[in-house]
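Trainee: Under UniProt numbering, the first residue of the sequence shown is numbered 1, with each subsequent residue one higher.
Ideal Cβ placement from N, Cα and C applies to all residues, glycine included.
Quick caveat, the model's predicted, so the values are computed rather than measured.
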Amino acid sequence: LLAVVCATIGFSEQAITKEQAIEMYKKLAEECAAKEGASAADIQEAYAKKLPSTTPAKCMHACISEKIGFMKNNKIDVEGNIALAKKVFDNDAAKIQTATDIANECTGETDG
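Below is the structure:
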């Protein structure tokens, strides 16, 4: 769900509904699936919040992550995550710090 919310924030400065966020995520998933050669099953797997099980599905997830600002050049983008967190959490310092901590922790997991 956080990915869905953040996806919407990447496109809008204004608050939007959960339904709008889901629709935006679906659009991104379809665009990235087409770009990366992911199947309909890969897309459904993403909608079901399952980890990607094929290489095209993994590439689709990376594409989505880059489009919403989670990743840049196939690495976690800490600054992008912080910018999204500020929008998502309406500048709530504690929540932004938590998001920053998570992004930093993930950087160590994915960049090594």
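For Ala38, which residues in the same chain have their Cβ closer than 6 Å to its Cβ, ignoring the five residues on either side in sequence?
Mentor: Indexing the sequence shown from 1 puts residue 38 at position 38. Around Ala38: Pro56, Ala57, Met60.
Trainee: Can you give me the C-alpha to C-alpha distance between Glu30 and Thr98, rounded to a whole angstrom?
Mentor: Sequence index remark: in the sequence shown, residue 30 carries index 30 (1-based). Sequence index remark: in the sequence shown, residue 98 carries index 98 (1-based). Near 30 Å, if we compare the C-alpha coordinates of Thr98 and Glu30.
Trainee: Under the three-state reduction of DSSP, which class applies to Lys75: helix, strand or coil?
Mentor: Position 75 of the sequence shown, counting from 1, holds the residue named residue 75. In the structure shown, Lys75 sits in a strand (DSSP, three-state: E or B).
Trainee: Cα-Cα, which of Val78, Ala83, Phe89, Lys87 is closest to Asp101?
Mentor: Taking the first residue of the sequence shown as 1, we reach residue 101 at position 101. For Asp101, the nearest C-alpha among the options comes from Val78.
Trainee: Could you give the first and the last residue of the continuous alpha helix (DSSP H) run that contains Ala38?
Mentor: One-based indexing of the sequence shown puts residue 38 at position 38. Note, Ala38: premise wrong, no alpha helix (DSSP H); not H, not E.
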